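Those protein sequence lines, which keep their order, are chains A and B.
So for the first sequence, the numbering used here puts the first residue at 212; every next one is plus one.
So for the second sequence, the numbering used here puts the first residue at 117; every next one is plus one.
Each residue gets a CB set at the ideal place from its N, CA and C atoms; glycine is no exception.
Keep in mind the model is a prediction, meaning the values are calculated, not measured.
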Amino acid sequence: MPRDLVVLHELANIGAGHAATALSQLFSQRVDMTPPQVRELTLSEAVEFLQPSEKEVSAALLQLEGDLAGLVVLLTPNSHEMLQALGMEPGIEVDVIAECGNIVAAKLADAIGSMTSIYGQPSTPAAGLTAHAGVVEMVLSITAQAEPFVIAFSELSLGGTMLANLMFFPEASSVEQIEALA
Amino acid sequence: VRSVGIGEIVVSTDPAETIQMIGLGSCVGVFLTVPGKAVAAAHVLLPSSAGAASGPPGKFADTAVPELVRLLGEAGLSKGRATATLVGGGQVLSFGSNRPEFDIGRRNADAVRAALQKAGVRVAKDETGGTKARSARMVVAQGAIAA
Chain A
212 MPRDLVVLHE LANIGAGHAA TALSQLFSQR VDMTPPQVRE LTLSEAVEFL
262 QPSEKEVSAA LLQLEGDLAG LVVLLTPNSH EMLQALGMEP GIEVDVIAEC
312 GNIVAAKLAD AIGSMTSIYG QPSTPAAGLT AHAGVVEMVL SITAQAEPFV
362 IAFSELSLGG TMLANLMFFP EASSVEQIEA LA
Chain B
117 VRSVGIGEIV VSTDPAETIQ MIGLGSCVGV FLTVPGKAVA AAHVLLPSSA
167 GAASGPPGKF ADTAVPELVR LLGEAGLSKG RATATLVGGG QVLSFGSNRP
217 EFDIGRRNAD AVRAALQKAG VRVAKDETGG TKARSARMVV AQGAIAA
């Protein structure tokens, strides 16, 4: 039964906006973002939505702990472009995505916390450079124990080039708290 | 070629058919093979269906293995003739901390082996572990993962 998740949509939009602004400072260029798609999905729907592939990506996963609990994922197929935009040489893709993950998770959690008083604290990131499907498996193993589950998905871009996908999977208890604000 | 998505189960008795799983990372691909006859395969996401977990049988090690055995039986094949091949169960991300939820690959592989033992199915080949995501393809007639 699809729910509207109106409040979460608004909060995810503002949170992702703060995350994009923080990345703009890091990259010294404007980072744009698409408004998040907020959905409640079963496992098979999530697989269809995320389209796991053999393409190599770099990704960072961070757990939020507290009343605002869930998983934040930053994933990019364009790690090379990401390094280039920072004026860095290849070889530190994993460190860069981990650091960007730290930034976006902290900003997302801060933005939602300051608007709602529902606070979450990000963990240190798990990060890697691997097949997209391998990252999707890891993400779903954490988020998809019970179905359906909620995803907020937006795309970040830098000067017209896709920079990364930002995903937030709030735990069911946090979704309830957030929607109770309506 | 038939792809087995995360949490899915596929059974084939077509010798020419290829069963594939793309980019196995922390998931475990379980292939039960009856030489020259059939392959039943599951793309297992999590070790256990206990507690608040929900979803299709192929999603969990403890429900996927009995379902594979049942489906082989439905195809007229006894589990006594089947052997198992396991792929995946790796650790493709490096962890900043020692969190159990990030160690899911090893726990998946352990749970699949335990479920196979309980079901009385012999493991012919165990290629789980490592740090790389890996795709697995098996032609039903061959009953082995293509290199």
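If the criterion is Cβ atoms closer than 8 Å, does the pair B:A132 and B:A257 meet it? yes
C-beta neighbour in chain B for A:T341, strict 8 Å: yes
Distance cutoff 8 Å, beta carbons only. Does B:S128 sit that close to anything in chain A? no
Less than 8 Å between the beta carbons of A:P247 and A:A280, yes or no? no
If B:V86 and B:K248 are in contact, beta carbons under 8 Å, what's the gap, nearest whole angstrom? Because residue 86 of chain B is not part of the residues shown, which for chain B are 117 to 263, the question remains open.
Is B:T319 near B:A198, with beta carbons less than 8 Å apart? Past the edges of chain B, shown from 117 to 263, lies residue 319 of chain B, and the structure says nothing about it.
Examine chain B for any beta-carbon lying closer than 8 Å to the beta-carbon of A:G345, and answer yes or no. yes
Own chain partners of A:V386 with C-beta closer than 8 Å, once the 5 adjacent residues on each side are dropped: L216, L219 and V361
Residue-level contact to chain A via CB, B:V208, 8 Å cutoff: yes
Between A:R241 and B:G123, what straight-line distance do the alpha-carbon atoms span, to the nearest angstrom? 39 Å
Cα separation between A:S255 and B:G121? 8 Å
Cutting at 6 Å between CB atoms, please list the residues of its own chain near A:M212, excluding the five before and the five after it. With a pLDDT of 44 at A:M212, under the threshold of 50, the modelled position of this residue cannot be trusted; read the value that follows with caution. Cβ within range, chain order: n/a, list empty.
C-alpha distance - A:R250 paired with A:A363, whole-angstrom precision: 7 Å
How should B:S251 be labelled, buried or exposed, when 16 other C-beta atoms within 10 angstroms of its C-beta is the threshold for buried? buried
Using beta-carbon positions only, say whether A:A270 and A:A338 come within less than 8 Å of one another. yes
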